[in-house]
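One structure below.
2 protein chains.
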Amino acid sequence: MDNLFLRKVERQVRLPEAARAALGDLARQQIRHVAARQDLVGHDTGPHHAHLILDGWACRYRQFPDGRRAIVALLLPGDLCDPYRVHRIRADHAVGALTALTVARLAPEALDEAARAHPAIEACFRREMLAALALQREWTAGVGRRSAIERLAHLFCELHLRLAAVGLVADATFPMPVTQPDLADALGQTSVHINRTLRELRAAGLIELRGRRLTIRDLPGLKALALFDPAYLYWA
Amino acid sequence: MDNLFLRKVERQVRLPEAARAALGDLARQQIRHVAARQDLVGHDTGPHHAHLILDGWACRYRQFPDGRRAIVALLLPGDLCDPYRVHRIRADHAVGALTALTVARLAPEALDEAARAHPAIEACFRREMLAALALQREWTAGVGRRSAIERLAHLFCELHLRLAAVGLVADATFPMPVTQPDLADALGQTSVHINRTLRELRAAGLIELRGRRLTIRDLPGLKALALFDPAYLYWA
DNA sequence: GTTCCGCGCCAACCCATGTTAGCTTGGCGG
DNA sequence: CCGCCAAGCTAACATGGGTTGGCGCGGAAC
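So the sequences go chain by chain: A and B.
The numbering used here numbers the first residue of the first sequence as 1 and each following residue consecutively.
The numbering used here numbers the first residue of the second sequence as 1001 and each following residue consecutively.
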């Protein structure tokens, strides 16, 4: 199980050997397996560990008291979740596994120390934060101003690039293990409408989605429909 | 013109005298005035300065090629905008003045140095980032899953707390210089519907909005309607 | 002082998306 | 091998919020 975070990072900057080794060590400390639909971090968890996603998909979500749920971010293999310590009594959101998950649990002290010892690692963490922020802004803009079909198309373009950055795309095909109800919560719609919209995308010859795998049939078309501009993707 | 960022910060942690002085110096370097509706940072600006908002309101927004606009964040007095350097050719969004604005322009090198010299300042910057991220998540969740009236109510609750943290609230009344078209772009709606919804909130006796000032008539009622949970506000 | 334009405000109409309800399929536990 | 349940899929109907268009006001430019 190779370290996808490293692979993503080194698409941008070559790390010093010592930093690379330190990051590798970190990721090998404490491997945890989480079943699909389990929480990695609960709404009421206090200060907690950071996590590196090694395999599987997770999401950050917020559950409202009346049952509504909003998924505010998707976490893919190679994503580093909360590199900086959060000193809060109560988290503002939870992190849940969408599929079976393999993660490295990272002690905050170990991260701090690695960042202090290797400026390159500190830079990585910072970049990961800035990337998460830019991504979050794009999601806010999208839910606010994109139509249903544009949102879905945009998400697929985004996933395509993010997964390609960690080598999980082959032949314009990649895993898409997110169920329609989950997509609905991520895009601010209902599962019924997600289904309608998927049908439209398929009928337009833009995508093919079967058995948890997505194939993009017409990438330029999909990007045009989504008004996709990759400027916000830091690692891709 | 006192430094509102300092005031906000020191509600949480007492800074060492040297750090406080350094932050004060930073803010006094290069004061800039910007007219309402002008961009502080454009969509196509490359790496740029950081800004400390001293007076007035600004917003981060994204303009789509077809004219649609999404406001993804409001920047209030005391907010620190982009403390960490962004090494990108093209920004993913712009920052614009909603009202006449007074800002301190901060050179990235000066910030880096202050952060290196004073761990307390580094901690402040990091906290500002984490706060921005949490805020952005809440906005994403809101646009995705809250109804029109809930969104508006929620925004007012948020502004109430954020402005209170810098001492700009008196008698449950605070400045609200955002026009209805701007509110629409921030909440993912149209100005017509914002108008309808404002009327509803007024009719329900929850708020009063006159002459760019908002008075909250029934805070508990407003919070209940908005499903407001302040867990995501780091400074307030 | 006049002109103009952006904003607040409102009503009528309409459509994109939500709601409800049901059927089908496939994977999993027993 | 059976039963169960979550997810995919669809149709019929309902509605929140978008669209269009129009009025009046007040502040800024001249």
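Just so it is clear, CB atoms sit at the ideal spot from N, CA and C, and this is done for glycine as well.
The structure displayed is predicted, hence computed values, not measured ones.
Between D171 (chain A) and the set A:L198, A:R127, A:R217, the nearest pair of CA atoms involves A:R217.
Beyond the five residues adjoining it in sequence on each side, L74 (chain A) comes within less than 6 angstroms, by CB distance, of C59 in the same chain, given in chain order.
Interface annotation, R60 (chain A): in contact with chain B, CB-CB separation under 8 angstroms. Burial is judged here by how many other beta carbons sit within 10 angstroms of a residue's own beta carbon; T140 (chain A) has at least 16 and is buried. Shown here, Y1234 (chain B) sits in coil according to DSSP, grouped into three states, outside any helix or strand.
DSSP, reduced to helix, strand and coil, places H1051 (chain B) within a strand of the structure shown. Per DSSP, the unbroken beta strand (DSSP E) holding G1096 (chain B) starts and ends at 1094-1097.
The segment 110-122 of chain A makes no contact with the segment 173-182 of chain A, as fewer than three CB pairs between them are under 8 angstroms.
When the beta-carbon positions are compared, L201 (chain A) and I149 (chain A) come within less than 8 angstroms of each other.
Around the C-beta of H1033 (chain B), fewer than 16 other C-beta atoms lie within 10 Å, and the residue is accordingly described as exposed. Taking a Cβ-Cβ threshold of 8 angstroms, none of the residues of chain B is close to T45 (chain A); the smallest such distance is about 12 angstroms. Close partners of A1231 (chain B) in chain A (Cβ separation under 8 angstroms): R88, R90, A91, D92.
R1126, M1129, L1130, A1132, L1133, A1134, Q1136, R1137, E1138, W1139, T1140, A1141: these are the residues of the segment 1123-1141 of chain B whose beta carbon lies less than 8 angstroms from some beta carbon of chain A, given in chain order. A1117 (chain B) has its alpha-carbon roughly 43 angstroms from the corresponding atom of Q38 (chain A). Secondary structure at A70 (chain A): strand, using DSSP grouped into helix, strand and coil. Annotation for L130 (chain A): the continuous alpha helix (DSSP H) segment containing it runs 119-145. Burial of Q1189 (chain B) is indicated by the presence of at least 16 other C-beta atoms within 10 angstroms of its C-beta. The alpha-carbon of Y61 (chain A) is positioned some 19 angstroms away from that of L130 (chain A). By the CB criterion at 8 angstroms, D92 (chain A) and R1137 (chain B) fall inside the cutoff. For E10 (chain A), the secondary structure class from DSSP, reduced to helix, strand or coil, is coil.
The alpha carbon of G1144 (chain B) has as its nearest neighbour, out of A:A231, A:L4, A:A70, the alpha carbon of A:A70. Within chain B, the residues placing a beta-carbon under 7 angstroms from that of G188 (chain A) are V1143, G1144, R1145, ordered along the chain.
When the alpha-carbon of L214 (chain A) is set against those of A:E158, A:P230, A:L225, the nearest one is in A:E158. In this structure, the CA atom of F1174 (chain B) is about 17 angstroms from the CA atom of D1079 (chain B).
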